[in-house]
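Everything on this sheet refers to the single structure shown next.
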Amino acid sequence: MFKEYDVIVVGAGHAGCEAAAAAANMGSSVLLVTMNMMTIGQMSCNPAMGGIAKGQIVREIDALGGYSGIISDKSAIQFKMLNLSKGPAMWSPRAQNDRNRFAEEWRMTLEGISNLDFFQDMVSGLIIQGNKITGVKVGLGIEIRAKAVVLTNGTFLNGLIHIGEKNFGGGRAAERAATGITEQLVDLGFQSGRMKTGTPPRLDGRSLDYSKMEIQPGDVIPGKFSYTDTPLLSKQLPCWMTYTSGEVHDTLRKGFDKSPMFSGRIQGLGPRYCPSIEDKIDRFADKERHQLFVEPEGWNTVEVYVNGFSTSLPEEIQFEALKKVAGFENVKMFRPGYAIEYDYFPPEQLQLTLETKLVQNLYFAGQINGTTGYEEAAGQGLMAGINAHLKIRGEAPFILSRSEAYIGVLIDDLVTKGTEEPYRMFTSRAEYRILLRQDNADFRLTERSFNIGLAKKDRLDAVKEKYMRVDEAVKHLKNASADPNELNPYLEAQQSPGVTQRVKYSGIVARPQVSLIAMKNALPSLKDHFEERNIDDNDLTLAEIQMKYEGYIKKEQEVADKLGRLEHIELHANFDYSALKSLSTEARQKLSAIKPRNIGQASRISGVSPSDISVLMVYLGR
Amino acid sequence: MNQNTTIAALATNPGMAAIAVIRISGPTAFEVLGKVFQPYGGKKLETAEGYTILFGKMLDNGRKIDEVLVSIFRGPHSYTGEDTLEISCHGSVYVQQELLQLLYRNGSEPAKAGEFTLRAFMNGKLDLSQAEAVADLISAGNQTAHALAMQQLRGGFGDEIRKLRTELLNFLALIELELDFSTEDVEFADRGLLEILVKHIRGVVNRLKDSYAMGNVLKNGIPVTIAGKPNAGKSTLLNALLNEERAIVSDIAGTTRDTIEDVLVLDGMAFRFIDTAGLRKTDDIVENIGIERSFKSIREASIVLYLFDYESFEKGEVNHQFKQIQDEANAHTLVIPVMNKADKLDSIPENLPKNTLVLSALNKTGLNDLTNHLVQYAHYGKPDGKEVVVTNARHYHALNQSSLCLDQVLRGLELRLPGDLLSADIRDALDALSEITGEVTNEEVLGTIFGKFCIGK
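Sequence order for the protein chains is A and B.
Using this note's numbering, read the first sequence as starting at 1 and increasing by one per residue.
Using this note's numbering, read the second sequence as starting at 623 and increasing by one per residue.
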C-alpha cells in the first residue's frame, strides 16, 4: 500500500508541518502521518503567533524558507510590534490569528507540495533494525518503511487531561492520546519524563459585556512576519482586557482542595512563566488582581480565548469564578480549561541535528523535547526536517550557532543543558541578542538555507538587493553632509541642538532623539536622494539600526567570532573521556553523557570548567 | 582557554631576589609593552629584531618605575610560539608587582596556571608525548588556584563580592524583566533608582579595588607591631625573627625606649616589624613618650603581636591588657596573643586567651607557627575581618574590569540607552565578578525574575 519513503513525519502540529514541508521541499519523498487529518496545523492553546523572542523565531523560520510566518500573515486578525520603546534587538512581532484559517492555510500549503503524502492513523510503534530506524507501524497494523522518521508527538504521548478531580486520557480536548511509542523507546534505553501544561476556558463572545473591558487594538500601521510578499492587514480585530478581583480569587480558592496541581495528582513540572491562575493566586497572594486578555478566535466566530486564566480547577468553580470577572457576568462557557500531562524525552539524548543518539535516523522535534510554544516547536520541526533530508542524502548536517539564530540557541540549550520545565525562549537566553534581531533574520539565514537547497533563488536575490540598498544608504549617510539651513529646523523641532556648519548625516543619526525616517521626510534633498535609488523606509530602518547601535553590534560580533572559533574544533562522538584522568570527575561524566559536537558546546555544559576545556584541547593536539 | 589574549606573569619565583623576569606573550605583546617601555638610545621596541635585548625604562604615566632589560622573541621563535617579551627587572616584590599591574592595565591579562606552557603546546612547540604532563600541570595548577581562591572567598571578601553580584543580578533581572516581559502587568524599574544602585555597586567595587594595597604594603611592608609589658621579651622575639641583634636587649625593664623597625621577607611578602616600648605606668618622661608611640604604632599596625609571659598571666594582667590593645587597634587589625618564655614552662597553662600562640623567643621554638600566621594574614587578611582587603592580582583585575563596565552602564543610563544595550554592559560587569565567584548563567537571571514577579498569562 505504501512505497518506502525518504522521511516519515509523525504528527502534524507546528513542528510536524514544518518538518514535512522542509524535507519535501528539499526533494525528499515524505509521508505525514497524523491521528486526525482535520486537525493539521491546530493551534492547541492561544490563537496567536510570535511575541517577545518568539516573534524573532518566526522571522528566522521564514528567512530559512519555512511556512510559519507566511501562514501567520495569511491568517492574522491583528498585528502588533511589541517592545518598540526598547532597542531594536527587542522589537518583537506578534499576531492574533484566526484559529481555523491558520489550520486551513497549513493544510492547503502542505497539499500544494507534490512529493508530500498524508495518512491518517496513530503511529503505535517504530521499526528499528540494529540501531537504525527503518519505518513505523500504525494502528491498522500496517508497516510503512522510511529512511528517516521525525517524531513530533506534542502532548499526545500518554496524554492525561485533568479537570478538577476528573482525569482522562487525551492529547487535546476531545482527541485521544497516543500510546505505545514511549514504552518502546524506554525499552530501547531512552529516558522519559512527564511534563505538564494547561490551557484556559473558551467562552461565548456573545455573552460578554465589552463595555466593561479595555480595548486592545492592533498597530495603526500593522507589520507582518514574512519577508516574502504576504499581504498586510487592511482591517484588524481588537482584543480586550479585564481583571480578576479578590472575589474571583476567593471563588477559585474554594476549588483548591480539588485541584490536581495542589493535590499532587499531577506529577509533571509545569512552566514557571505560564502559571495557572490558581498558581498565580497561590504564589503571589498579595497581588489583588491579575490581567486577563480576551482574544477573539477568528473573523467569523463568537468564540473567545481568555489569556491569563489557564486552570485545571473543577469546571463549576471555573464557571463561578469567571462570572465574577468584570464583563463576564453573564458568561457562557464553550469548554472549561484543563491541564494536561504528557511524556517527553530529556533532550540531552539528542544531537544538535535533533537526531537521537541511540537510534540513527530518528529525529525528535517540539514538545517531545520538553519545549513549549508553537514557535519553538516549528523551529525544531524545520531543523529536524532539514537534517533528516540531509542525513539520508549523506550530506553535512545543518546546525545554526548561538550567534546565528534563536533557533541555534534553542537547540543548543536543549541538547547541552537539558530542561526541567517546559522550555520557552526568552531574549535573555541569547548571549548575542543584539545580533539576533527580527529585522535581520533574512540577512543571517537566507543564504545559509539557500546553500542547502531549501530557500529559493529569488528569495536570496531579494535579500541581497535589500542589503545592497541598506549599505548604500549607510554609505551615503556616513559620507554626505547636511546643510545647516535645511537641517536645523528639524533638529529644533526634536529639541536637539542645531549645527553651525555642514556635518555628516551619520553624526546626526547617532543622536537618540533623531529618527532617520522623520529626518528624511523633513529634508527634501535627502528624501530625493533615497527615492531616486529606490531606498524605502524599511531599508532606512535597517540602516538606522546599523548606525545607531554600531558599537554594540561590533562588540557582540567580536565576542561571537572569538568564541566561535571553539565551535569549529570538533570532538568525535566516540571520544573516550573516561581515559582522560586530568579532567575533573564531573566533567568526565557529563562529557561522556552529552557527547558534545565541538569544544564550544563542551564549554557550555555545566560542570565542565575552563581548565577541563584546556585539557581537552591539549589532547586534541591543538 | 582563549589564545587570542596577551598574557603576562612572573616567570621567576615570587619573592625578593636580585632580579626577576616578567614574561609577556600573545598577539599584542609588543603593543602592550610599547605603551609603557621606553628604550634608551632612540631604539624602537616595535622594530627590534628577535633574539636581541633592549635597555630602557618602564614608565607609568611618565613616572619611572624601574630600569629594565627586555629580551625580544618574535613568534614562532619563542617558548610559547607567540610574540614574547621577557622583562628582566630589579627583584624587589614591589617593583615586580608594580610592573605587572602596569602591564595588566595596558591590555594584558594575568596568565593562568600553566598557560605559557599550554600555549607552547598548542603552538606545536612541545612534543605530543608531553600532552599528559601539560594536562596535569593545568589541572594541578587549577586545583591550587581553586583552593587558594576558595580560602579567600571564605573570608569577608567572598561575602562582599557575592553580595555585590546578587545586587547586580537583581538589577539585571529588573532590566530583563522589562525586556522579556514588557507585556506583563508588573512594575518596572525606576531609572533613577537604578542609577543609585549602580553607583553604589560601583562604589563598593572601587573600594575593594583600591584596597588592593599591594603597592603600598609591598613598598613598605605589612606593619606588625610587637606590644606587651616591659620585659615580656619583645626585643628578643624581634631578634629571633630577624636573626640578628638589632634591638637592644637587656634585663632592665624599659630598655627599648623608642620604636624600632625592621623588615623581614616571608614567603615573598615583606613585613615591617615595629618593636615598641613596654606598656606600663611610669614617671620616666622619655619612657612615657615611648609608650605613647607604642599606642600609636598599635593603631597603625595591620598585625599586633601581643606578647606576655607566664608570670603576668598568673598575676591576671593578661586579659585586661589584651583587651586594652584590642580596643586600641583598628577593626581590621589582627591581634595575635603570644605567650613567650615557653622554655620556662613544663606544660601549657589552661584558659589562655583564644588562639594564643606559645613560643620561646630565646630558644627559637614555636616561631614557625607565628610566621605561618603572618603569611596567612598577608594572603587572606584577617580571618573574620569585616574590612575587606583584596590581595589577589586576578581578583584585582576582575574588579577593575567590572568597574569599567559599570562606568559604561552609568554612561548608558545618562544617554538613556535602551535596556538591551544596558543589559549587555551589566552582563560584562557580572562576568567580570564571576571570574571571582564562579559562573553567571542566564538561568540565574530568569530564576530571579520568576521568583520575584508574577509572570505569565
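We put the CB at the ideal spot given by N, CA and C, even for glycine.
| query | result |
| --- | --- |
| By Cβ distance below 6 Å, which residues in the same chain neighbour B/Asn-838 in space, the five residues on each side in sequence not counted? | Note that B/Asn-838 scores 49 on pLDDT, short of 50, meaning its location in the model is unreliable and no value can be drawn from it. |
| Reducing DSSP to helix, strand and coil, say where A/Val-503 ends up. | strand |
| Can you check whether the C-beta of A/Thr-427 is within less than 8 Å of a C-beta belonging to chain B? | yes |
| Could you check the C-alpha separation between A/Pro-260 and B/Asn-1022 for me, to the nearest Å? | 52 Å |
| In or out: A/Thr-585 buried (at least 16 other Cβ within 10 Å) or exposed? | exposed |
| Counting only beta-carbon separations shorter than 8 Å, does B/Asp-1029 have a partner in chain A? | no |
| Return the first residue and the last residue of the beta strand (DSSP E) that A/Ile-623 is part of. | Nothing about residue 623 of chain A can be read from this structure; chain A reaches only from 1 to 622. |
| Whose Cβ in chain A lies nearer than 8 Å to the Cβ of B/Thr-805? | Gly-51, Ile-52 and Leu-82 |
| Is the Cβ of A/Gln-557 closer than 8 Å to any Cβ of chain B? | no |
| So, do the stretch 344 to 360 of chain A and the stretch 187 to 201 of chain A have three or more beta carbon pairs nearer to each other than 8 Å? | yes |
| Indicate whether at least one CB of chain C lies closer than 8 Å to the CB of A/Ser-614. | In the structure shown, chain C cannot be found, because the protein chains are A and B. |
| Using the C-alpha atoms, what's the distance from A/Gly-308 back to A/Lys-332? | 18 Å |
| What alpha helix (DSSP H) runs, 4 residues minimum, are completely inside the stretch 177 to 234 of chain A? | 181 to 187 |
| Considering only DSSP beta bridges, list what B/Arg-894 is partnered with. | B/Pro-845 and B/Val-885 |
| Scan the stretch 1019 to 1053 of chain B for residues whose Cβ lies nearer than 7 Å to a Cβ of chain A and list them as they occur along the chain. | Leu-1037, Arg-1038, Pro-1040, Gly-1041, Asp-1042, Leu-1043 and Ala-1046 |
| I need the DSSP call for B/Tyr-928, collapsed to helix, strand or coil. | strand |
| Measuring only the C-alpha atoms, how far is A/Phe-364 from A/Leu-350? | 8 Å |
| On the criterion of 16 or more Cβ atoms from any shown chain inside 10 Å, does B/Lys-1008 qualify as buried, or is it exposed? | Note that B/Lys-1008 has pLDDT 46, beneath the 50 cutoff, so the model's placement of it is unreliable and the number below is only indicative. Its Cβ having fewer than 16 others within 10 Å, B/Lys-1008 is exposed. |
| Taking C-beta to C-beta, are B/Ser-710 and B/Ile-629 nearer than 8 Å? | no |
| Can you confirm whether A/Val-248, when its beta carbon is compared against all beta carbons of chain B, has any partner nearer than 8 Å? | no |
| May I ask you to report which of helix, strand or coil DSSP gives A/Cys-17? | helix |
| Should B/Met-680 be flagged as near chain A, meaning a C-beta pair shorter than 8 Å? | no |
| List the residues that DSSP assigns as beta-bridge partners of A/Ser-481. | A/Lys-504 |
| Can you find a CB in chain B that lies within less than 8 Å of the CB of A/His-290? | yes |
| Where do the N-terminal and C-terminal ends of the beta strand (DSSP E) with A/Thr-134 fall, by residue? | 132 to 138 |
| Any contact between the stretch 438 to 453 of chain A and the stretch 49 to 69 of chain A? By contact I mean 3 or more CB pairs, one from each, below 8 Å. | yes |
| Could you tell me how far apart the beta carbons of A/Ile-163 and A/Gly-255 are, in whole angstroms, since I believe they sit closer than 8 Å? | In fact, because the Cβ distance is near 11 Å, the residues do not count as touching under 8 Å. |
| Output the distance between the C-alpha atoms of A/Val-623 and B/Asn-626, rounded to the nearest integer angstrom. | For chain A, the structure presents residues 1 to 622; residue 623 of chain A sits outside this window and is missing. |
| Would you say B/Lys-963 reaches chain A, if we count a Cβ-Cβ gap shorter than 8 Å as a contact? | no |
| Check whether chain B comes within 8 Å of A/Met-617, counting only Cβ atoms and requiring the distance to be less than that. | yes |
| Tell me where the alpha helix (DSSP H) around A/Lys-554 begins and ends. | 550 to 567 |
| Mind listing the chain B neighbours of A/Arg-433? Cutoff is C-beta to C-beta under 7 Å, in chain order. | Asp-1042 |
| Hey, is B/Glu-1009's beta-carbon within less than 8 Å of any beta-carbon in chain A? | Only weak support is given to the placement of B/Glu-1009: the predicted model assigns it a pLDDT of 49, under 50, and the value that follows is read from those uncertain coordinates. Not an interface residue. |
| According to DSSP, simplified to helix, strand and coil, what is B/Lys-734? | coil |
| Comparing C-alpha positions only, which one of A/Thr-155, A/Asp-286 and A/Ile-77 sits nearest to A/Ser-234? | A/Ile-77 |
| Cα separation between A/Arg-145 and A/Arg-206? | 50 Å |
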